[in-house]
């Protein structure tokens with residue numbers, strides 16, 4: 001995969017049983033540098049991959065249920081995501097289409113707008129609530145000096161669990177939107193395969209005025225798939241409400257309209 005693959009997040013965060021397991025002795029931290037080097041090699045691989053991700057979220061202690069996301073990734077610029085609630089995302093340099101399945105509301109970003117975003121594309125998309133897989137991989141690279149191997153687990157394969165030191169958490173706050181004052185990022189963990197350095201999971205925890213945990217695990221990965229052009233396009237339902245992102249609009253503006261339309265549809269109009 002571009003096992004930059006295994007992340008697409010797109011959303012974000014973390015590991016099922018990731019937080020458990022016996023602590024690893026300090027001497028095994030000597031494995032950290034070669035492990036991160038393997039990870040870097042894996043994410044530079046452009047092979048196509050399929051993966052199934054399990055995401056669990058709690059808000060103020062309340063379980064929000066499990067989402068299952070299936071991802072077909074040709075490379076970091078060409079991928080398709082499907083959720084078990086009918087939500088779809090088709091992502092290419094030519095256009096991006098997001099359909100919020102339960103609400104039947106879609107966001108379409110044509111090539112003209114993507115080209116106009118230029119170097120600000122990632123920030124523009126994040127402002128509208130669309131993440132790119134590069135964000136998480138870049139954060140791992142940026143904060144690699146702040147990781148420690150703290151435990152081990154099995155998520156499809158045997159993995160080391162890497163925890164970010166407190167002094168390395170600040171860059172990760174950019175992955176969170178709408179966090180109320182008085183809430184702080186407390187924990188970030190990443191699961192990497194022991195043998196290959198491949199990504200297998202991610203965990204994030206917020207404490208304070210609002211408590212939030214996000215866990216994503218990738219127990220199923222198939223590097224033998226063929227991601228066709230047809231899979232990277234989307235034919236929207238005829239009755240879908242479509243919001244068009246023209247080049248003159250900001251991510252905040254588009255995101256607000258999209259979220260309002262989804263909320264109205266979910267409330268029955």
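Residue numbers (the numbering used here): 1 to 269. C-beta atoms are modelled at their ideal positions from N, C-alpha and C, and glycine is treated no differently. Keep in mind the model is a prediction, meaning the values are calculated, not measured.
Starting from residue 127, trace the alpha helix (DSSP H) in both directions and tell me its first and last residue.
Here residue 127 corresponds to residue number 127 of the chain shown, with the count starting at 1. Where residue 127 is concerned, the enclosing alpha helix (DSSP H) stretches over 121 to 127.
Note down, in chain order, each residue of its chain lying with its Cβ closer than 7 Å to the Cβ of residue 208, except the 5 sequence neighbours on either side.
Here residue 208 corresponds to residue number 208 of the chain shown, with the count starting at 1. Contacts found: 182, 183, 184.
Go ahead and pull the three-state DSSP assignment for residue 274.
With the chain running from 1 to 269 in the structure shown, residue 274 is simply not present.
Between which two residues does the alpha helix (DSSP H) harbouring residue 253 extend?
The sequence position of residue 253 within the chain shown is 253, counting from 1. It spans 251 to 266 - the alpha helix (DSSP H) in which residue 253 sits, taken as one unbroken run.
Which residue's Cα is closest to the Cα of residue 171: 140, 124, 66, 58?
Indexing the chain shown from 1 puts residue 171 at position 171. Taking only the C-alpha atoms, the option nearest residue 171 is 140.
Would you mind listing the beta strand (DSSP E) stretches within the segment 170 to 220 that are 3+ residues and don't spill past its ends, in chain order?
The segment 170 to 220 is shown to contain whole beta strand (DSSP E) runs of 3 or more residues at 183 to 193, 199 to 208, in chain order.
Per DSSP, what kind of secondary structure is residue 130 in: helix, strand or coil?
Locating residue 130 in the chain shown gives position 130, where the first residue counts as 1. Coil at residue 130, not helix or strand.
Environment of residue 64 [buried if 16+ CB atoms lie within 10 Å]:
Taking the chain shown and counting its residues from 1, one reaches residue 64 at position 64. Exposed, since its Cβ has fewer than 16 Cβ neighbours within 10 Å.
Residue 32: first and last residue of the uninterrupted beta strand (DSSP E) it sits in:
Locating residue 32 in the chain shown gives position 32, where the first residue counts as 1. Run containing residue 32: none in the beta strand (DSSP E); it sits in the alpha helix (DSSP H), 32 to 43.
Work out the CA separation of residue 105 and residue 47 for me, nearest whole Å.
For the purposes of this step, residue 47 is taken as the residue at position 47 of the chain shown. For the purposes of this step, residue 105 is taken as the residue at position 105 of the chain shown. Their backbone Cα atoms lie some 32 Å apart in a straight line.
Given that a residue counts as buried once 16 or more other Cβ atoms are within 10 Å of its Cβ, and exposed if not, what is residue 62?
Against the chain shown, residue 62 aligns to sequence position 62. Result: exposed.
Boundaries of the beta strand (DSSP E) in which residue 65 is found, first to last residue:
By 1-based counting over the chain shown, the position of residue 65 is 65. In the DSSP assignment, residue 65 falls within the unbroken beta strand (DSSP E) covering 62 to 75.
Check residue 236 in the structure and name its three-state DSSP category.
The residue given as residue 236 occupies position 236 in the chain shown. The DSSP-derived three-state label of residue 236 is coil.
What do you get for residue 49, buried or exposed, if any count of 16 or more other CB atoms within 10 angstroms of its CB means buried?
As a working mapping, residue 49 is identified with position 49 in the chain shown. With at least 16 other beta carbons inside 10 angstroms of its own, residue 49 counts as buried.
Helix, strand or coil: which one does DSSP assign to residue 165?
Reading the chain shown from its first residue, position 165 is the one you call residue 165. Residue 165: coil per DSSP, three-state reduction.
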